[in-house]
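Visitor: Chains as they are written, first to last, in the working numbering: chain P, 215 to 467; chain A, 129 to 357.
For glycine and all other residues, C-beta sits at the position ideal for the given N, C-alpha and C.
Have a look at the structure that comes next, please.
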């Protein structure tokens, strides 16, 4: 079946020269886009048009284009990663849009994610949180024998589900409070669920939450928007686990 | 400790504990108030009100309850201010209806409206019963015990004023909406949640919220519609 062609789309996109400049929306018209192309392919075509017209192309983050690296972002028509579920922007297809539609594309907005240029935001804040405790301090060696360290199947599953987090920051972008709790909870959970990570669980929760607060992220009010918008559907039950780990750590020291 | 109370999870911990305390109070308050519609002579309600006014344990809990309200209200504004600061540049377009419930996104607005209702409610009854007195509260004797006629004041308020009755119905519904998110959210914040309990807490929260909203709204309706006759 041949893909349909969207004859005309209006792309209302945030343009900002650099971190210091003010920035504003510009609207560009783009023609003949296949519904089978991805959102980022559409952006590539738009950028080609802009270059031919002598306009500076739109800067946006992208890398693997198969939904596993966590580099792409974009707030499309009011939702992080656009109007689809369990996908990153690079996996979003143009069939999700109607002919003649105006598509609003914004960078992710949070105090902790300052805009660098156009749609590119600085997400090093997430790396800084990881550096505060998202690791095991000693080398735990290679893969042990399957029966050497017993791990219950449910624990292994939950740890793997939490480890699916690609650190894209959609949870922060979706949250009305710009909270990074889903990200932090995923990182705390995938280690807290396994024996190698449990040793430092208390210190990890304390340090990562302190760093998160310090970097200017908001607090969690349990709206659940992060889980819905997360391309990997990380569960908010991880946030309950983070709360538990944090409160336990607070009591024990 | 001070660091804990201002850390993001600590702030939520304070909201959660004070919220659970207030939800226990609301359950007791609703239970007692429903006596208004189960005994049209007013004797049951008067006995209940008299018990609450004279019981020494209640007297101890009363100031703690006041403190619970203060903490919950002050912390909510503090939290909301911190959260508001975390996004200095707002989005031009937001489409959040599919991702989260309206109540969960507007807890401060719902809470503020409940607060306005609470002030009116305290002026209507608590102040009159406790401090200023009211002609309708004249002492009566129930089974040989002298007590204030609280039933007369409450029933007359709803029978005489449609505006107040409607306001009280609205107050009950607003509180129900606030609790539909607040109830399960408080347990999530305490870490008392997992993949099994997430749905359970949410269902229990909806049931509790409906009971509170319907329970409190039914009382003014009962008097408004003249069902006491």
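Could you check which residue in A/304, A/332, A/340 and A/292 has the C-alpha nearest to that of residue 157 of chain A?
Guide: Nearest option by C-alpha distance: A/340.
Visitor: Kindly list the residues whose CB is nearer than 8 Å to the CB of residue 166 of chain A, restricted to its own chain and excluding five residues on each side of it in sequence; keep chain order.
Guide: Once the five neighbours on either side are set aside, the close Cβ partners of residue 166 of chain A are 172.
Visitor: So with Cβ pairs under 8 Å, would you call residue 361 of chain P a contact of chain A?
Guide: Not one chain A Cβ lies under 8 Å of residue 361 of chain P.
Visitor: I need the boundaries of the beta strand (DSSP E) containing residue 274 of chain A, first residue and last residue.
Guide: First-last of the beta strand (DSSP E) with residue 274 of chain A: 273–275.
Visitor: Starting from the C-beta of residue 203 of chain A, find all residues in its chain whose C-beta is less than 6 Å away, skip the five residues before and the five after it, and write them out in chain order.
Guide: Taken in chain order, the residues that qualify are 142 and 143.
Visitor: What whole-angstrom Cβ distance do residue 306 of chain A and residue 239 of chain A have, given they're in contact under 8 Å?
Guide: At roughly 6 Å, the Cβ-Cβ gap stays under 8 Å, so residue 306 of chain A and residue 239 of chain A are in contact.
Visitor: Please list the terminal residues of the continuous alpha helix (DSSP H) segment that includes residue 421 of chain P.
Guide: Note, residue 421 of chain P: alpha helix (DSSP H), 415–428.
Visitor: For residue 300 of chain A versus residue 344 of chain A, is the C-beta spacing smaller than 8 Å?
Guide: Yes, the Cβ-Cβ distance between residue 300 of chain A and residue 344 of chain A is below 8 Å.
Visitor: Name, going along the chain, the residues of the stretch 392–404 of chain P whose beta-carbon falls closer than 9 Å to a beta-carbon of chain A.
Guide: Cβ contacts with chain A come from 392, 393 and 395.
Visitor: In three-state DSSP terms, what is residue 301 of chain P?
Guide: Coil at residue 301 of chain P, not helix or strand.
Visitor: Residue range of the beta strand (DSSP E) that residue 221 of chain P falls in?
Guide: 219–229 is the extent of the beta strand (DSSP E) around residue 221 of chain P.
Visitor: Can you give me the C-alpha to C-alpha distance between residue 393 of chain P and residue 384 of chain P, rounded to a whole angstrom?
Guide: The alpha-carbon atoms of residue 393 of chain P and residue 384 of chain P are separated by roughly 10 Å.
Visitor: Comparing C-alpha positions only, which one of A/214, A/278, A/337 and A/327 sits nearest to residue 168 of chain A?
Guide: Closest by alpha carbon: A/278.
Visitor: Any C-beta of chain P sitting closer than 8 Å to the C-beta of residue 265 of chain A?
Guide: No - not a single Cβ of chain P is within 8 Å of the one on residue 265 of chain A.
Visitor: Take the Cβ of residue 350 of chain A as the centre, count every other Cβ of all protein chains shown within 10 Å, and call the residue buried at 16 or more, exposed below.
Guide: Label assigned to residue 350 of chain A: buried.
Visitor: Using only alpha-carbon positions, find the residue among A/211, A/181 and A/303 that is nearest to residue 337 of chain A.
Guide: Taking only the C-alpha atoms, the option nearest residue 337 of chain A is A/303.
Visitor: Under 8 Å, CB to CB, which of the residues in the stretch 188–211 of chain A have a partner in chain P?
Guide: If the cut-off is 8 Å between Cβ atoms, the stretch 188–211 of chain A has 207, 210 and 211 near chain P.
Visitor: I'd like to know whether the C-beta of residue 426 of chain P is nearer than 8 Å to at least one C-beta of chain A.
Guide: Chain A contact via Cβ: present.
Visitor: Any C-beta of chain A within less than 7 Å: which residues of the stretch 289–303 of chain P qualify?
Guide: Listed by position, the residues of the stretch 289–303 of chain P near chain A (Cβ gap below 7 Å) are 289, 291, 292 and 293.
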